[in-house]
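As you go down the protein sequences, you meet chains A and B in turn.
Residues in the first sequence are numbered consecutively from 1, following the working numbering.
Residues in the second sequence are numbered consecutively from 1001, following the working numbering.
Backbone N, C-alpha and C define an ideal beta-carbon position, used for all residues, glycine too.
Some notes on the structure that comes next.
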Amino acid sequence: MSVNIYQNSSFSDTPFGLKLQQTITSSGSVTGIPAGIQRVYAVCIGGGGGGGSSTTYAGGGGAGGFSTGWTFVPGTCTVGAGGTGGSLSAGGAGGDTVFGMVLAGGGAGGGGTTASTATRMGGAGGGAGTAAASAGTTSYTGAPAGTTGNPGNVGYAGGGGTAAATTGGAGGIGISSGGGGGASTVTGTQTGGAGGKGLIAGGGGSANTTGTGTGGAGGTGDLFAGGTGSTGTGILFGAGGGGGGYIAAGSNGSANTGGAGGNGGGGGGAANNSGTGGVGGAGVIYLYY
Amino acid sequence: MANPIRRGESGSQVSSWHVSSNTVTPNQQTSFILPHGLTLRHTVNAGTTSVTIPAGITWVYAICVGSGGGGAYAGGGGGGVAWGWTLANSTCVVASTTSNNQSGSYTRYGHIIAGGGSGSAGNAGGFLGGGGSAAQSNGATNYWGMPGGANGTNGASPTIGRIGSGAGGGGISSANGIAGSNGADGISAGGGGYCQTGAGALANVSGNGGNGLTGGGGGGNTTGSTTSNLGGNGGNGLNILTGAITTGASYSGIFGGGGGGIAGNASGQNGGLGGGGGGSNAGTGGAGILYIFY
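If you want it as structure tokens, here you go:
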């Protein structure tokens, strides 16, 4: 059979004027695309990383990757789930989202008792807990990512914030931003690092102190805000807020339980004092044609 | 049934607007980042954080330019440049002018992001397409994954920077009478090197900034020679809207000139608007800029 690209009426390098036709929120078969539509322009968002947990302080999860481009129409697709919140461990990495040849990685889980979990393809780095933070990862287009630091460094996918006394390191700014690091001192006034700002935002780190503890705020996304950290006197407070997602705002931290990341890839907030980290926001696929 | 996505040229038969024969001139503009057929709707400067896109416009084409690196002795690198389609968004971040020494900052719209040029010393270097500076970081890989160029080597025989999307800065001379090397050309050019010690009777001359869409700053502020110490010229930039060169500034005594930005000429040691690198001796890096087309 011969193929002539000139007969493919969808041939164009621009998505200008295309209309949102489908929003896919679960993995499975691809249906509903009219016959004759051979290429679609896909927007893929990976799942956000879950917040970390330890007996003391932890790091927020990184935001899920964001990728766009033309692709053939596949038979099936994968939508990344949000990473699980850590329980005396790092948070789980967010799931990858794949539609044909457009791919977006999940965000890294925040560090807790164990180091921040790895991520891929534009996923942002997780903040540090008692174990290490992680860097963001190179994007679908090859854009560099940010490394860890206080604050995490800027990149397409921001780096995770490191832990620090008094105020944890903020997550790195990016398209997908990094999770904040924990506040590493256990007395006095302590504040977890805020999640980074971005199109999709990372979760806040936690504080664990006998004094006044405040969890780091979830990062502010372009479309939705992050959740606030819990605050109060003593170690029963100090969990971080979830980062703003592409579809919904992040949830507030509550007592020592991290806030959930906003739907659409927001990173989960970190737990403190053996609480449970916030789950990352789920990924999504948008199809334009 | 009519094709539901037909929209002018791009919806027509490809062969009708970009023929395969080499005997005719295609009617498609050859600019590789300026979106032919679209209209520039918004020019956004530093300090503005919101943009109003009309209802019904889903996709827009954005060109982001980060701020140039600030100069000290070596010139600062040009600000990074990134371009592409992104979903319409009401918020934006545009990089401000960069002060002495410091590396430039980022400009972001939707998921398009460009980093700053490398500063001459001090803080973290250039990133996301920013040009390099010999006293700090190499040129940086850009949004599209196009590799950055390494800085030239320093020493008695310094070398020019390497080309790249973010080009490398020129090497620093350690010998009297041996000029600092030029920054390399690139999308975002590298800053010029200078003479670090250079004590003696021979004339010391610093390197020029490279040329690009954003030009690098000239090196300078060398004082080792007992006869003559001269800065380097800033590299030229390019106004992508008009095709006109934006000029880098000439050196002035020991001070290097700023590099031309994507939207304006350099002024003395200061880089031009739109990411021009700063020249030596406290030249500021030009602020970033954001163009939105639809």
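Nearest CB-CB separation between B/TRP1144 and chain A: below the 8 Å threshold. The C-beta of B/LEU1040 comes no closer than 8 Å to any C-beta of chain A.
Around the CB of A/THR31, fewer than 16 other CB atoms lie within 10 Å, so the residue is classed as exposed.
Residues of chain A with a Cβ closer than 8 Å to the Cβ of B/LEU1128 are, in chain order, ALA143, PRO144, VAL154, GLY155 and TYR156.
Contact between the region 145 to 163 of chain A and the region 84 to 91 of chain A is absent: fewer than 3 CB-CB pairs across the two stretches fall below 8 Å. Counting only Cβ-Cβ distances below 9 Å, A/ILE175 has contacts in chain B at ARG1108, GLY1110, HIS1111, ILE1112 and ILE1113, in chain order. Annotation: the region 220 to 266 of chain A contains the following complete segments of the beta strand (DSSP E) (minimum length 3 residues), in chain order: 231 to 233.
Close CB contacts of A/ASN208 within its chain, under the 7 Å cut and outside five residues either way in sequence, are with THR56, TYR57, VAL186, ILE235, GLY238, ASN272 and ASN273 (chain order). Between the alpha carbons of A/GLY17 and A/TRP70 lies a distance of about 14 Å. Under the DSSP assignment, B/HIS1042 falls in the beta strand (DSSP E) whose first and last residues are 1040 to 1045. A/PHE99: member of the beta strand (DSSP E) spanning 97 to 99, first to last residue.
Contact annotation, B/GLY1257 with B/GLY1272: C-beta distance approximately 10 Å; criterion of less than 8 Å not satisfied. Here B/TYR1251 is actually not in contact with B/GLY1278; their C-beta atoms are around 13 Å apart, not less than 8 Å. Just measuring C-alpha positions, the residue of A/GLY283, A/THR191, A/THR113 and A/GLY203 sitting nearest A/GLY180 is A/GLY203. Across the structure, B/THR1107 and B/VAL1093 are spaced so that their CA atoms are roughly 5 Å apart. For A/LEU199, a Cβ of chain B is located within less than 8 Å of the residue's own Cβ.
In summary, A/SER26 is exposed, with fewer than 16 beta-carbon neighbours lying within 10 Å of its beta-carbon over all protein chains present.
At the C-beta level, B/GLY1077 and B/SER1133 come within 8 Å of one another. Of all alpha-carbon atoms in A/ARG39, A/THR23 and A/GLN21, the one lying nearest the alpha-carbon of A/THR14 is that of A/ARG39. At a cut-off of 8 Å between beta carbons, A/LEU20 contacts chain B. Three or more beta-carbon pairs separated by less than 8 Å are not found between the region 130 to 144 of chain A and the region 70 to 80 of chain A, which leaves the two stretches without contact.
With at least 16 other beta carbons inside 10 angstroms of its own, A/ALA42 counts as buried. Here B/SER1137 is buried: its Cβ has 16 or more other Cβ atoms, across all protein chains shown, within 10 Å.
Less than 8 Å separates the beta-carbon of B/SER1280 from that of B/SER1206. Residues of the region 42 to 73 of chain A that bring their beta carbon within less than 8 Å of a beta carbon in chain B comprise VAL43, PHE66 and THR68, in sequence order.
When C-beta atoms of the region 1241 to 1251 of chain B are compared with those of the region 1204 to 1221 of chain B, three or more pairs fall below 8 Å, so the two segments count as touching. For B/ILE1113, the uninterrupted beta strand (DSSP E) run begins and ends at 1112 to 1114, by DSSP.
Judged by DSSP in its simplified three-state form, A/ILE45 adopts strand.
Cβ contact annotation for B/ASN1154 (same chain, cutoff 6 Å, sequence separation greater than five): GLY1171 and ILE1172, in chain order. The beta carbons of A/THR117 and A/ALA81 sit about 14 Å from each other, so the pair does not count as a contact at 8 Å.
For B/ASN1089, the nearest CB of chain A lies under 8 Å from its own CB, placing it at the interface with that chain. Within the region 200 to 226 of chain A, the residues whose Cβ lies closer than 7 Å to some Cβ of chain B are ASP222, listed in chain order. The beta-carbon of A/PRO15 is placed less than 8 Å from the nearest beta-carbon of chain B. A distance below 7 Å between beta-carbons, with the five flanking residues on each side excluded, links B/ALA1167 to the following residues of its chain, in chain order: GLY1131, GLY1132, GLY1139, GLY1149, GLY1161, GLY1183, ALA1184, ASP1185, GLY1186, SER1188, ALA1189, GLY1190, GLY1210 and GLY1212. Chain order gives the chain A residues near B/THR1141 as GLY142, ALA143 and PRO144, where near means a beta carbon separation below 8 Å. Any Cβ of chain A closer than 8 Å to the Cβ of B/THR1058 would place that residue at the interface, and such an atom is present.
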